[in-house]
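Position in the sequence shown (from 1) plus 373 gives the number in the working numbering.
Glycine included, C-beta positions come from ideal geometry on N, C-alpha and C.
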Amino acid sequence: MADLDDIRDGDNFGLNTPADTSAFYLKGLNSTDWGIKNRVSRIFNRKSGRTVMLAFDHGFLMGPTSGLERIDINIAPLAEHADCLMGTRGMIRSCIPASNTKPICLRTDTGTTILTDMNHNVLIDEAEAISMNASCMAAMIAVGDADTEAITIANISRLVDIGQKYSIPVMGVTAVGKAMARDSRYFGLAARVCAENGASIVKTYYTEGFENVVAATPVPVVIAGGKKLPELEALELAYNAIQCGAAGVDMGRNVFQSEAPLAMIKAVGGVVHDNLTPKEGFELFNDLKNA
Ligand code: 5RP
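Here you go:
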């Protein structure tokens, strides 16, 4: 039982300090639950409002692609320089130390590889996301693909239902339909479909007219890096996306296939968080590479 004597009445009510009613720092998420806000706050830097997510989920479709042969050797040492790690449950459990404190964006769809028709995917059990302490769950939608559009949109919709229940944000990943033009109209449509279905973050590709994609997607947008480019071009890609309003990158091959992955992730961080120009970022890359 609580003590009944010497009960001290509160006398420090801060009457001259109004309660903070300012909006949440990331766009479109002000009306989400405390748990979702708390989890996205682990992913997006509070000061810059942006993120450098490191994507290494490629193997679930592509097998041991270049740079991901040994995730324990090639990816784990980069973790401390990323804001968030995006991977599958198998690779994270096997290759990322459980003492890792970086937030996890768990790839939650699975089912096909590049050897067959992609995107006939299903979701893994949500208990996995909870037991792995995921800060975000990611699934892909294949907008414009007649065979797989419906199942992948149903997947993301169900994933958002699950995320709402446990306050885990969902990142919608826009796939590139084989028949679709890789332009801002297509990616704008796919990104918007993710947001309309309740995704808290959208991952898509940078294209000309990207400012329209970002403007019409009311939640934070991050870009994939796509296939390996020379480092300066990859930094230009990140820079251009940021100039168009992107909230960061979820980059894979342009980091782990770089000749100097550690230098590259730091240079990408400089562009994303510190507003370095591509030239400045490239100078940083070269300095770190040669150090
Ligand atoms: C595709 C993905 C990949 O993680 C993505 O493409 C990011 O990697 P990269 O920067 O190599 O394109 O989500 O489903």
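For residue i, the three-state DSSP class (helix, strand or coil)
| i | result |
| --- | --- |
| Leu434 | helix |
| Lys662 | helix |
| Thr483 | strand |
| Ile477 | strand |
| Thr525 | helix |
| Lys538 | helix |
| Val543 | strand |
Distance between beta carbons of residue j and residue i, contact taken as under 8 Å
| i | j | result |
| --- | --- | --- |
| Val644 | Pro651 | 7 Å |
| Ala572 | Val622 | The pair is not a contact, with the Cβ atoms about 17 Å apart (cut-off 8 Å). |
| Asn665 | Gly436 | Past the boundaries of the shown model lies residue 665; the chain is included only from 374 to 664, so the question cannot be answered. |
| Asn492 | Thr483 | 11 Å between Cβ atoms; not a contact. |
| Gly599 | Tyr578 | 6 Å |
| His454 | Ile638 | 5 Å |
| Ile487 | Leu434 | 5 Å |
C-beta contact flag for residue i and residue j at 8 Å
| i | j | result |
| --- | --- | --- |
| Ile514 | Ala563 | yes |
| Gly460 | Asp430 | yes |
| Arg412 | Ser557 | no |
| Val595 | Val587 | no |
| Asp520 | Asp490 | yes |
| Phe417 | Ala620 | yes |
| Ala597 | Met553 | no |
| Pro476 | Arg565 | no |
| Met510 | Val543 | yes |
| Leu605 | Phe655 | yes |
| Ala633 | Leu602 | no |
N- and C-terminal bounds of the beta strand (DSSP E) containing residue i
| i | result |
| --- | --- |
| Met637 | Where Met637 is concerned, there is no enclosing beta strand (DSSP E), although the alpha helix (DSSP H) it sits in stretches over 634-647. |
| Leu610 | Where Leu610 is concerned, there is no enclosing beta strand (DSSP E), although the alpha helix (DSSP H) it sits in stretches over 604-616. |
| Ile514 | 509-514 |
| Ala428 | 424-428 |
Residue i beta carbon near ligand 3 (any heavy atom closer than 7 Å)
| i | result |
| --- | --- |
| Ala515 | As presented, the structure is devoid of ligand 3, carrying ligand 1 as its sole ligands. |
Span of the alpha helix (DSSP H), counted from its first residue to its last, around residue i
| i | result |
| --- | --- |
| Val413 | 407-416 |
| Ile444 | 444-447 |
| Gly460 | Per DSSP, Gly460 belongs to no alpha helix (DSSP H); it is in the beta strand (DSSP E), 457-460. |
query: Contact between the region 507-521 and the region 531-548: three or more CB pairs below 8 Å?
result: yes
message: Counting beta carbon pairs with one atom in the region 402-416 and one in the region 573-584, are three or more of them shorter than 8 Å?
response: yes
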